[in-house]
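Its first residue numbered 1, the sequence shown is counted upward by one per residue in the UniProt record's numbering. Structure, as structure tokens:
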Amino acid sequence: MSGRLLTLEEICVITLLRHHTLIEDISYIPYRLIKSVLSKLKVDQLTKLEQTNPLIIFEDDEIWCDLIRRDVDPTFSYQYTNKKNEILQYFKRVITNYTGTSTYKNIDTETLKNFVRPIVTKNDRGLYRVPCRLVYEKMREEILEKDKRIAAKVRETTKRIQQEKNKIQITAMVEPVSGVSSRLRNKFLESKSKVFVDSLRESQKRRQHFKKNIVNIEKRVVERLAFGGQAGVSPSSTRCNDVTDNVRPQPVSIPQKENQSASAEADKKTTMIAQHSLPQKRPIEDPPKRKKSRLFGTSSVSSSGSCNIYIHQR
């Protein structure tokens with residue numbers, strides 16, 4: 001075989017990478033062995049595995065940096081502070097809050113410094129780098145607070161719109177009784193707003209207009225109002241309709257012979273009209289007779305005038 005044999009460590013890492021979502025416990029495993037596996041995990045699974053091996057939080061800062069760039073801010077860069085005690089207190093709080101870590105509850109600050117010293121170092125400006133795990137938690141809290149403010153603002157806006165909608169009430173328009181006197185009617189209208197009075201008058205006009213346009217259902221006739229009731233109907237048709245409705249003439253019987261003679265005369269007239277209407281053909285004239293020439297013995301076409309030929313001798 002040309003390829004080299006894989007070591008037991010490499011085989012285990014490959015197996016863990018293939019089934020990284022099924023990992024539940026990483027107790028007593030050094031960070032350098034499972035670094036590639038932890039880089040593929042999400043935040044929730046990573047925090048659960050950290051609870052099984054709390055010492056990893058001092059070494060997996062680069063993994064949290066990748067999570068910030070992947071989930072929150074792609075342009076994230078490391079942050080620095082001059083407050084070293086805040087960093088120490090943060091790591092102590094994280095370790096003591098993990099379940100199953102009773103051995104770390106009574107840890108003192110000096111012992112904690114031994115774990116934190118490799119990662120909490122000063123830069124050229126004398127500042128300490130803030131752990132990316134702490135930065136991720138702060139960013140996540142800010143996002144949650146922002147979402148809560150937006151949700152509260154939406155609820156407040158919806159509530160205000162609903163209150164404004166409830167204030168708008170639609171009341172039925174009461175028409176004054178026709179039997180009351182004009183004085184009481186005017187008094188009634190004076191107590192109402194101008195918009196109410198205008199809408200009332202407009203509704204009365206519309207009602208009066210539609211009362212006039214009555215359709216007779218039995219006769220299926222619409223009473224026309226525009227242009228004196230003559231809109232859409234010719235005057236001759238109305239007169240003829242009035243006459244035909246009252247008097248219907250009886251059909252007149254015509255003898256058969258008279259019908260035949262009348263039809264024959266009509267055919268003759270049509271043929272005569274057709275003959276006169278057709279264009280007349282021009283008469284074809286006879287071609288002119290050819291005359292024989294005395295000189296050549298050939299026939300020549302006679303023209304309207306005489307043709308004289310003269311021969312001169314030299």
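Even glycine gets a Cβ: it sits at the ideal position worked out from N, Cα and C. Keep in mind it's a predicted model, so treat the numbers as computed, not measured.
inquiry  = Strictly by DSSP, which residues pair up with ARG129?
reply    = Start at 1 with the first residue of the sequence shown, and residue 129 comes out as number 129. According to DSSP, which records beta bridges pairwise, ARG129 is partnered with TYR80.
key: 6 angstroms Cβ shell around LEU189 - same chain, five flanking residues per side excluded   = As a working mapping, residue 189 is identified with position 189 in the sequence shown. Cβ neighbours of LEU189 beyond the five flanking positions: VAL197.
inquiry  = Helix, strand or coil for ILE165? Go by DSSP, reduced to three states.
reply    = As a position in the sequence shown, residue 165 is number 165, starting the count at 1. One point to set straight first is that residue 165 is Lys, not Ile, in the sequence displayed. Three-state DSSP puts LYS165 in a helix.
key: Contact under 8 angstroms by Cβ, TYR128 with LYS84   = Sequence index remark: in the sequence shown, residue 128 carries index 128 (1-based). Sequence index remark: in the sequence shown, residue 84 carries index 84 (1-based). Yes, the pair counts as a contact, with Cβ atoms nearer than the cut-off.
message = Just to confirm my understanding: we take VAL130, look at its own chain, exclude 5 residues before and 5 after, and list those with CB closer than 6 angstroms. What are they?
response = Counted from its first residue, the sequence shown places residue 130 at position 130. Here the set comprises GLN79, THR81.
ask   = Run through DSSP, which three-state label would LYS35 get?
value = Within the sequence shown, numbered from 1, the residue matching residue 35 stands at position 35. LYS35 falls in the helix class under three-state DSSP.
Secondary structure of VAL192, DSSP reduced to three states = In the sequence shown, residue 192 corresponds to position 192, counting from 1. The sequence shown places Lys at residue 192, not Val. In the structure shown, LYS192 sits in coil (DSSP, three-state: anything other than H, G, I, E or B).
task = Could you say if the stretch 59–75 and the stretch 26–40 meet the contact criterion of at least three C-beta pairs nearer than 8 angstroms?
result = yes
ask   = Under a Cβ-count criterion, where at least 16 other Cβ atoms within 10 Å of its own Cβ denotes burial, should PRO118 be classed as buried or exposed?
value = Working through the sequence shown from its first residue, we reach residue 118 at position 118. Using a 10 angstroms sphere on the CB of PRO118, the tally of other CB atoms stays under 16, which defines it as exposed.
key: Residues that DSSP places opposite LYS122 in a beta bridge   = By 1-based counting over the sequence shown, the position of residue 122 is 122. DSSP, once it has assigned bridges, lists TYR128 as partnering LYS122.
inquiry  = For the stretch 148–163 against the stretch 69–76, do three or more pairs of beta-carbon atoms, one drawn from each stretch, fall closer than 8 angstroms, so that the two count as touching?
reply    = no
message = Contact defined as beta carbons within less than 8 angstroms: I believe VAL120 pairs with ILE68. What is the distance between those atoms, to the nearest angstrom?
response = Here the question's residue 120 lines up with position 120 in the sequence shown. Here the question's residue 68 lines up with position 68 in the sequence shown. Actually they do not touch by this definition, with Cβ atoms about 19 angstroms apart.
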